[in-house]
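Protein chains: 2
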Amino acid sequence: MMKRIGILGGGQLGRMLALAGLPLGLRFSAIEPADDPPVKALAEHLPYAYDDLAGLELLADNVDMVTYEFENVALATAEYLEKRVPVFPSSKALMISQERFMEKEFFSDLGIPTTEYYPIDSIDDCSNAKIVTGLPAVLKTRRFGYDGKGQVIVHSVEEIRDSFTRFNGVPLILEQKINFTRELSIIAARSRNGETAFYPLMENVHKNGILLTSRAPARHVAHEMASLAKEYAAKLLDGLDYVGVLAIEFFEVNGKLIANEFAPRVHNSGHWTIDGACTSQFENHLRAILDLPLGNTDLRSFSAMVNLIGEIPDLAPVLKIPDTHVHLYDKEPRPSRKLGHVTVCGDSPDAIDKKLEQLMELIIPVY
Amino acid sequence: MMKRIGILGGGQLGRMLALAGLPLGLRFSAIEPADDPPVKALAEHLPYAYDDLAGLELLADNVDMVTYEFENVALATAEYLEKRVPVFPSSKALMISQERFMEKEFFSDLGIPTTEYYPIDSIDDCSNAKIVTGLPAVLKTRRFGYDGKGQVIVHSVEEIRDSFTRFNGVPLILEQKINFTRELSIIAARSRNGETAFYPLMENVHKNGILLTSRAPARHVAHEMASLAKEYAAKLLDGLDYVGVLAIEFFEVNGKLIANEFAPRVHNSGHWTIDGACTSQFENHLRAILDLPLGNTDLRSFSAMVNLIGEIPDLAPVLKIPDTHVHLYDKEPRPSRKLGHVTVCGDSPDAIDKKLEQLMELIIPVY
Numbered sequence: 001m002m003k004r005i006g007i008l009g010g011g012q013l014g015r016m017l018a019l020a021g022l023p024l025g026l027r028f029s030a031i032e033p034a035d036d037p038p039v040k041a042l043a044e045h046l047p048y049a050y051d052d053l054a055g056l057e058l059l060a061d062n063v064d065m066v067t068y069e070f071e072n073v074a075l076a077t078a079e080y081l082e083k084r085v086p087v088f089p090s091s092k093a094l095m096i097s098q099e100r101f102m103e104k105e106f107f108s109d110l111g112i113p114t115t116e117y118y119p120i121d122s123i124d125d126c127s128n129a130k131i132v133t134g135l136p137a138v139l140k141t142r143r144f145g146y147d148g149k150g151q152v153i154v155h156s157v158e159e160i161r162d163s164f165t166r167f168n169g170v171p172l173i174l175e176q177k178i179n180f181t182r183e184l185s186i187i188a189a190r191s192r193n194g195e196t197a198f199y200p201l202m203e204n205v206h207k208n209g210i211l212l213t214s215r216a217p218a219r220h221v222a223h224e225m226a227s228l229a230k231e232y233a234a235k236l237l238d239g240l241d242y243v244g245v246l247a248i249e250f251f252e253v254n255g256k257l258i259a260n261e262f263a264p265r266v267h268n269s270g271h272w273t274i275d276g277a278c279t280s281q282f283e284n285h286l287r288a289i290l291d292l293p294l295g296n297t298d299l300r301s302f303s304a305m306v307n308l309i310g311e312i313p314d315l316a317p318v319l320k321i322p323d324t325h326v327h328l329y330d331k332e333p334r335p336s337r338k339l340g341h342v343t344v345c346g347d348s349p350d351a352i353d354k355k356l357e358q359l360m361e362l363i364i365p366v367y
Numbered sequence: 368m369m370k371r372i373g374i375l376g377g378g379q380l381g382r383m384l385a386l387a388g389l390p391l392g393l394r395f396s397a398i399e400p401a402d403d404p405p406v407k408a409l410a411e412h413l414p415y416a417y418d419d420l421a422g423l424e425l426l427a428d429n430v431d432m433v434t435y436e437f438e439n440v441a442l443a444t445a446e447y448l449e450k451r452v453p454v455f456p457s458s459k460a461l462m463i464s465q466e467r468f469m470e471k472e473f474f475s476d477l478g479i480p481t482t483e484y485y486p487i488d489s490i491d492d493c494s495n496a497k498i499v500t501g502l503p504a505v506l507k508t509r510r511f512g513y514d515g516k517g518q519v520i521v522h523s524v525e526e527i528r529d530s531f532t533r534f535n536g537v538p539l540i541l542e543q544k545i546n547f548t549r550e551l552s553i554i555a556a557r558s559r560n561g562e563t564a565f566y567p568l569m570e571n572v573h574k575n576g577i578l579l580t581s582r583a584p585a586r587h588v589a590h591e592m593a594s595l596a597k598e599y600a601a602k603l604l605d606g607l608d609y610v611g612v613l614a615i616e617f618f619e620v621n622g623k624l625i626a627n628e629f630a631p632r633v634h635n636s637g638h639w640t641i642d643g644a645c646t647s648q649f650e651n652h653l654r655a656i657l658d659l660p661l662g663n664t665d666l667r668s669f670s671a672m673v674n675l676i677g678e679i680p681d682l683a684p685v686l687k688i689p690d691t692h693v694h695l696y697d698k699e700p701r702p703s704r705k706l707g708h709v710t711v712c713g714d715s716p717d718a719i720d721k722k723l724e725q726l727m728e729l730i731i732p733v734y
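Quick note, the sequences are listed as chains F and L, same order.
For the first sequence, the numbering used here assigns the number 1 to the initial residue and increments by one for each residue that follows.
For the second sequence, the numbering used here assigns the number 368 to the initial residue and increments by one for each residue that follows.
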């Protein structure tokens, strides 16, 4: 029986979900207010705002279940849909990931180490916050931040107060600014019957607040740290009674993992899994929500991924590097926009180093 | 610059070409007379007969180049399109592959061993044919045979004559019936600039004239035989000035390769490449016709593929076998119809044996 999956969001993540799901016999419908979204060649495009009840009704009437590729969907939207059709992951995961204070509290309650933090709802909170986090610190909006937007580094209580005023009094959170060695992430899946699967720790480099490269697996990871990452991911999956794929981003500080945030969806740092893992994160997300057995998360090869930001390079020299795979998202070039990614695979971390170096000479991000 | 590729045919091969090509930034239009073809979720479907000039005009006006996934397209169609847009592979490859006598002559001229054969255009040819091939022999229509259709085993000159009459005098070919150890095939690619790439020899099992399983690489292949297979494929690619992917099917007889036929397109025996090779045959076909560097044809793992014929099994137990990948074609079940395939990957030929055995307990072909 052919199933139809509804997706909230029609960007590249929805596109790659559809590419992974069509071979499983699935069809897709995506709500996406933007014209001409990346998912359009592969899914029925419903051009509605995420909070337009007409669109949500249409989606609910025509699909077997709903998932999302974009976690800034209004909570009310997910809750409305949940009354009509199964929604995976649940609105609870969405709610917690959307609100940085709740997210930090959730990490802390589960015993997952995170940076020091303090919620700021009023001018009076500003000085208390500083005592908890120290200075300088990172002041963030609690909701709807992405790719480094909605955050600022502050060096004094005055700056915190000024920013609170400038942000028009929206709820903020002050977070400890830590000097990390590097950024790591883990991607994990949990199916409806509670089966879990974990990809290895990945190593990510951001530039201008946007992910530029990921390597899998991360280099020089002690066995203990790899185990802890899985343990944290398992706690989060079970704590949320999660169904689908999620990603946790960590800072590595003195050999310890400090959770920064999680994303309740497939994640840019896992795009290498299409080429470099036995089963991609996209296929495993779909297997999880369909309650099918999860696929093997073992590596097929060492991999690295580079985002194509703002500009698409000439493909011929890129594909000339052996075992290189190009994934374009069918988007118009615009500065700082993710237009695609390239994955390089190889037999050893050294082979990946070399290929990545060659690749970075061909790819010029435009911010 | 987004390119649009025209495909003659809208079946599963077109579907898998589109799945491989969308990430390369391509779009697709397919001419396919059947309603609701497998390609429909991924390409613009042009519902025209292959010889309908209105459809061919529309295709030529809207695409950058044309390829096919179905070699029984009328030659006139390919020739008509060639006057308007680049067509890869060329009509020459199509012409030769469509006519078994020409195909055999072409193999022979290139020094590629093939079975003995003799063309039958009249009743008088029947007794001469028998002298060349011996008896029993296989009598085939020279054109439009597929999946075992259009052929019969004959045991006497009388039977040859009776069949010639029954086939209404269409051109036939009598072929030596050989006792082969097994069926093997090779898939190879050649790009517009003459670059070539070869997948390893595969081992195929047909049932009721339809491919049931392929294994890659074929077991117990002497180095010399593997080299010869590549040499034959290279000769054919160059002899045809071929652009794209093709497959040659061989019989193994006393440790020698005897070419049976070639297909000027991606091939069922290469479907495992999606999961088991660094670059799939579908991506390499597109890279070849776009004149992009060919992708690495190395194995990611040992693989086997099973066609889903006539019926789709319950997916959960299939996907429970580790490193199993399901590919459905969005077709209505019907006896003897290829509805999808399953690939199993593993670390050794023995692991593949075991998984294949498990898989064959779950898959019941319906003929």
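Virtual Cβ for every residue (Gly too), placed ideally from N, Cα, C.
Model, not experiment: these values are computed from the prediction.
Within-9 Å CB hit, Ser-301 of chain F to chain L: yes
Residues of the stretch 51-72 of chain F in Cβ contact with chain L at a cutoff of 7 Å, in chain order, please. none
Can you list the residues of chain L that Asn-378 of chain F reaches, using a CB-CB cut of under 7 Å? Since the first residue of chain F shown is 1 and the last is 367, residue 378 of chain F is not available in this structure.
Mind checking Tyr-734 of chain L: buried by the 16 CB within 10 Å criterion, or exposed? exposed
Quick one, which residues of the stretch 647-668 of chain L are near chain F if we go by CB-CB under 9 Å, in chain order? Glu-650, Arg-654, Leu-657, Asp-658, Leu-659, Pro-660, Leu-661, Gly-662, Asn-663, Asp-665, Arg-667 and Ser-668
Relative to the C-alpha of Asp-35 of chain F, which candidate in F:Tyr-48, F:Gln-151 and F:Asp-291 has its C-alpha closest? F:Tyr-48
Min CB distance Arg-382 of chain L to chain F below 9 Å: yes
Contacts around Leu-319 of chain F, its chain only, beta-carbon distance under 7 Å, and the 5 residues preceding and following it disregarded: Val-326
Along the alpha helix (DSSP H) that carries Phe-164 of chain F, what are the first and last residues, could you check? 157-166
Identified DSSP bridge partners for Tyr-435 of chain L: L:Leu-375
Which of the three DSSP states, helix, strand or coil, is assigned to Ile-571 of chain L? The identity of residue 571 of chain L in the sequence shown is Asn, whereas the question assumes Ile. Note: Asn-571 of chain L maps to strand in three-state DSSP.
Please report the Cβ distance between Ser-214 of chain F and Met-305 of chain F, rounded to the nearest whole angstrom; I am assuming they are in contact, meaning their Cβ atoms lie under 8 Å. 5 Å
With a 10 Å radius around its C-beta and 16 neighbouring C-beta atoms as the bar for buried, classify Arg-467 of chain L as buried or exposed. buried
Is any beta-carbon of chain F found at less than 9 Å from that of Val-693 of chain L? yes
When burial is assigned at 16 or more other CB atoms within 10 Å of the CB, is Gly-9 of chain F buried or exposed? buried
Grab me the residues of Lys-698 of chain L's own chain with a C-beta within less than 7 Å of its C-beta, minus the 5 sequence neighbours each way, in chain order. Pro-405, Arg-704 and Leu-706
Identify the contact partners of Leu-440 of chain F in chain L, using a Cβ-Cβ distance below 7 Å as the criterion. Outside the modelled stretch of chain F, which goes from 1 to 367, sits residue 440 of chain F, for which no answer is possible.
Look up Ala-441 of chain L in the DSSP assignment and say whether it is helix, strand or coil. coil
Near-chain L residues of the stretch 302-322 of chain F - C-beta to any C-beta below 8 Å: Ile-312, Leu-315, Ala-316, Leu-319, Lys-320 and Pro-322
Looking at the structure shown, is His-45 of chain F part of a helix, part of a strand, or coil, going by DSSP? strand
Do Val-612 of chain L and Arg-632 of chain L count as a contact pair if the criterion is CB distance below 9 Å? yes
Under 7 Å by beta carbon: chain F residues contacting Arg-394 of chain L: Ala-41
Report yes or no: is there a C-beta of chain F within less than 9 Å of the C-beta of Pro-732 of chain L? no
Residues of chain F with CB under 9 Å from Tyr-712 of chain L, in chain order? According to the sequence shown, residue 712 of chain L is Cys rather than Tyr. Under the 9 Å cutoff, chain F gives Cys-278, Asn-296 and Arg-300.
With C-beta atoms as the reference, is Asp-291 of chain F less than 9 Å away from Arg-161 of chain F? no
Quick one: is Pro-584 of chain L near chain F, going by C-beta distance under 9 Å? no
Going by DSSP, which residues form a beta bridge with Val-306 of chain F? F:Thr-213 and F:Val-342
Mark Thr-165 of chain F as exposed unless 16 or more other C-beta atoms lie within 10 angstroms of its C-beta, in which case mark it buried. exposed
Contacts that Leu-723 of chain L makes with chain F (C-beta to C-beta distance below 7 Å): Chain F residues near Leu-723 of chain L: none, gap ~16 Å exceeds 7 Å.
When F:Gly-239, F:Val-205 and F:Ile-173 are compared against Phe-180 of chain F, the one with the closest alpha-carbon: F:Val-205
If you compare alpha carbons, which of L:Arg-451, L:Val-588, L:Asp-491 and L:Phe-437 is closest to Ala-460 of chain L? L:Phe-437
Roughly how many whole angstroms lie between the Cα atoms of Met-65 of chain F and Phe-669 of chain L? 35 Å
Would you say Lys-497 of chain L and Leu-425 of chain L are within 9 Å of each other, going by their C-beta atoms? no
First and last residue of the beta strand (DSSP E) that includes Ala-593 of chain L? Unbroken run through Ala-593 of chain L is the alpha helix (DSSP H), 590-606; no beta strand (DSSP E).
Can you tell me which of the three DSSP states Arg-549 of chain L falls into? strand
Chain L partners of Leu-139 of chain F, CB-CB under 7 Å? Neighbours of Leu-139 of chain F on chain L: none; closest Cβ ~39 Å, over 7 Å.
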